[in-house]
Amino acid sequence: MRIHVVSDVHGNAEALKRSADGADALICLGDLILFLDYSDHGQGIFADLFGQENTDHFIALRTAKRFDEARAFSREMWASLDDAWAHVERAVQRQYAELFAALPTPAYLTYGNVDIPRMWAEHLRPGHHVLDGETTEIGGLRFGFAGGGLRTEYRTPHELDDDVYAAKIDALGEVDVLCTHIPPEVPELLYDTVARRFERGSVAVRELIERTQPRYALFGHVHQPLAARTRIGRTECVNVGHFRARGVPFALTV
Numbered sequence: 053m054r055i056h057v058v059s060d061v062h063g064n065a066e067a068l069k070r071s072a073d074g075a076d077a078l079i080c081l082g083d084l085i086l087f088l089d090y091s092d093h094g095q096g097i098f099a100d101l102f103g104q105e106n107t108d109h110f111i112a113l114r115t116a117k118r119f120d121e122a123r124a125f126s127r128e129m130w131a132s133l134d135d136a137w138a139h140v141e142r143a144v145q146r147q148y149a150e151l152f153a154a155l156p157t158p159a160y161l162t163y164g165n166v167d168i169p170r171m172w173a174e175h176l177r178p179g180h181h182v183l184d185g186e187t188t189e190i191g192g193l194r195f196g197f198a199g200g201g202l203r204t205e206y207r208t209p210h211e212l213d214d215d216v217y218a219a220k221i222d223a224l225g226e227v228d229v230l231c232t233h234i235p236p237e238v239p240e241l242l243y244d245t246v247a248r249r250f251e252r253g254s255v256a257v258r259e260l261i262e263r264t265q266p267r268y269a270l271f272g273h274v275h276q277p278l279a280a281r282t283r284i285g286r287t288e289c290v291n292v293g294h295f296r297a298r299g300v301p302f303a304l305t306v
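For the sequence shown, the residue numbers in the numbering used here are 53 to 306.
Structure below.
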């Protein structure tokens, strides 16, 4: 059985349509929507609402880790809109409508840190299976899924407290393939060579891998990692790639 795995789609609906070509099933590890594009500042919800010049400034502040100034600037931008959340919700709904229409079936999905889980249900189609803190069998193997990210200065929509996230991971038990949005806490998997910063990884994911030794641990989140794969004991840990930029899924044969 051939399974294609994608993560960090960030609005790339055209490539998503083809993501399961030649595969029996698709796994998506989250981050479907595009809010900010650090490569092309003219793309994404923030740019659509506030223009590229303001987006350039906001990204520059965040890149420089001037988070208090970035939050103050962001508040100023949102205050300029009447009913700011309504603008965001409409933009997110448009993206989700396009992306779920493009998403092949069967597909097994979990959330990324920039996703808004409560907005998924109305866009799901038959053959779309959302799993979070849950397991399922695919091709005779037990797959475990846990979505979302951990708390950061970036305050993305679906960040969780460490203990809440760890409880989801622990609930999975022994699996053959562990599927998460964020990586295990291993430095070379967390360092983004373009953004020049460490993203947050999970101690709970690393400890589950060390304890149960699944065949694979699959994840995304870090767009340009120092290392795309490594081993923890017998477990092959694989960053499946930044799908928005590459448009190519990771292929897994089971």
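From the three backbone atoms N, C-alpha and C, an ideal C-beta is built for every residue, glycine too.
Considering only the beta carbon of each residue, do residue i and residue j sit closer than 8 Å?
i, j, result
"Ser59", "Leu81", "yes"
"Leu133", "Phe125", "no"
"Leu183", "Gly200", "no"
"Leu224", "Thr187", "yes"
"Tyr268", "Val290", "yes"
"Asp214", "Leu202", "yes"
"Phe98", "Phe110", "yes"
"His273", "Ile234", "yes"
"Leu193", "Val57", "no"
"Asp76", "Val61", "no"
"Asp228", "Phe195", "yes"
"Ala303", "Arg54", "yes"
"Ile276", "Thr232", "This sequence places Gln at residue 276; Ile is not what is there. No, the pair does not count as a contact, with Cβ atoms beyond the cut-off."
"Ile5", "Arg258", "Absent from the model: residue 5. The displayed extent of the chain is 53 to 306, so no value can be given."
"Tyr217", "Ser254", "yes"
"Ser71", "Pro301", "yes"
"Ala122", "Trp130", "no"
"Met210", "Pro169", "It is His, not Met, that sits at residue 210 in the sequence shown. In this structure, Pro169 lies closer than 8 Å to His210 by Cβ."
Contact defined as beta carbons within less than 8 Å: I believe residue i pairs with residue j. What is the distance between those atoms, to the nearest angstrom?
i, j, result
"Thr107", "His93", "5 Å"
"Thr282", "Leu241", "6 Å"
"Ile85", "Tyr163", "The Cβ separation is near 11 Å, so there is no contact."
"Leu270", "Ala159", "Wrong, their Cβ atoms sit about 14 Å apart, outside the cutoff."
"Met171", "Val144", "6 Å"
Buried or exposed: residue i, going by 16 or more other Cβ atoms within 10 Å of its Cβ?
i, result
"Pro236", "buried"
"Arg248", "exposed"
"Thr287", "buried"
"Asp167", "buried"
"Gly96", "buried"
"Ala138", "exposed"
"Pro239", "exposed"
"Arg252", "buried"
"Gly74", "exposed"
"Gly63", "buried"
"Ala256", "buried"
"Ala173", "exposed"
Going by DSSP, what residues sit across from residue i in a beta bridge?
i, result
"Asp244", "Arg249 and Pro277"
"Glu288", "Tyr268 and Arg283"
"Ile79", "Val57 and Tyr160"
"Glu189", "Arg194"
"Gly201", "Glu211"
"Ala303", "His56"
"Pro236", "Ser254"
"His181", "Tyr160"
"Leu133", "According to DSSP, Leu133 bridges with nothing at all."
"Val229", "Phe195 and Tyr268"
- [ ] Pair every Cβ in the region 142–158 with every Cβ in the region 173–181, then say whether three or more of these pairs are closer than 8 Å.
- [x] A contact exists between the region 142–158 and the region 173–181.
Open item on the list: Contact between the region 290–300 and the region 62–82 is defined here as three or more beta-carbon pairs at a separation below 8 Å; is this criterion met?
Closed with: yes
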